[in-house]
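So for the sequence shown, the working numbering puts the first residue at 33; every next one is plus one. Where is the CB? At the ideal position from N, CA and C, for every residue including glycine. One structure is given below, encoded as structure tokens.
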Amino acid sequence: MSVEAGELVALLGPSGSGKSTLLLAISLIQPPTTGRIAIDGQVLHDEGPTGVDIRAFRRRKVGFIFQQHNLIPFLTARENVLLMLELNGAGRREASRKARELLDYLEIGHRADDLPARLSGGEQQRVAIARALANDPVLVLADEPTAALDTGRGMKAMAMLRRIARERRSAVITVTHDHRMIEGFDTVYHLDDGRLGREGAPAPAAH
């Protein structure tokens, strides 16, 4: 599986097929038992660890968007994004400027000082996407980002991911089970019964 900068990839499959597990393996949160993983030219896993500081690499290069948003409830929208920037070493002034820029980019800047509980599901998802983009990741991994949203808000969230891939040149891999959500994606993979196949190509045999 190879994904280029600015490419928007959908990973489809039924519940329990291993879609989320594959995302965890790609990010090395759950290291694979075999194979090779390279991100942005850096080999992170080659039949085993390569000595790279994986946590530091993820913090700098990979953004995560979760199904349930996972915003910190006692921090405002702005502070949720600020925290990610400051954890990566940004000064307070620079972090504040960039947090505002990202929230405005995702059209949620007017809710910057609100706590998550005061935001709708779609608004919370926008804040979560802003947080995922805080450190200009080369790779964005989205695990069922529309599962907690109605169809209309889900479509808007997917449109934002398309915009991110095109304008920010991040590679975006999105797990979903909803075929309605993948209009405009560059590449679609199907995962079923341990086999990963690219749409339009025959799935490889299981080993």
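- Query: Quick one, are the C-beta atoms of VAL172 and ALA42 less than 9 Å apart?
  - Reply: In terms of Cβ geometry, VAL172 and ALA42 do not form a close pair [threshold 9 Å].
- Task: Can you give me the Cβ contacts of ARG194 inside the same chain, cut-off strictly under 7 Å, excluding the 5 residues immediately before and after it?
- Result: Counting only Cβ-Cβ distances below 7 Å, and skipping sequence neighbours, we find LEU40, GLY216.
- Query: If you compare alpha carbons, which of LEU138, MET190, ARG143 is closest to GLU111?
  - Reply: Looking at the Cα atoms, ARG143 is the closest of the given residues.
- Message: In the DSSP output, which residue or residues are listed as bridge partners for VAL41?
- Response: Answer is ILE205, THR219.
- Task: Just mark ALA233 as buried or exposed, buried being the case when its beta carbon has 16 or more other beta carbons within 10 Å.
- Result: Note on ALA233: pLDDT 48, under 50, position unreliable in the model; the coordinate value appears next. Sixteen is the threshold: since fewer than 16 other Cβ atoms of the shown chains lie within 10 Å of the Cβ of ALA233, the residue is exposed.
- Task: Report back the beta-carbon spacing between GLN100 and ALA180 to the nearest angstrom; my notes put them in contact at under 8 Å.
- Result: Yes, they are in contact, since the Cβ atoms of GLN100 and ALA180 sit about 6 Å apart, within 8 Å.
- Query: With DSSP run on the structure shown, which of helix, strand or coil describes ALA109?
  - Reply: In the displayed model, ALA109 falls within a helix according to three-state DSSP.
- Decide if the region 64-80 is in contact with the region 157-167; the criterion is three or more beta carbon pairs, one per stretch, under 8 Å apart. As far as the Cβ criterion goes, the region 64-80 does not touch the region 157-167, which means the pair count is below three.
- Query: Would DSSP call ILE58 helix, strand or coil?
  - Reply: Note: ILE58 maps to helix in three-state DSSP.
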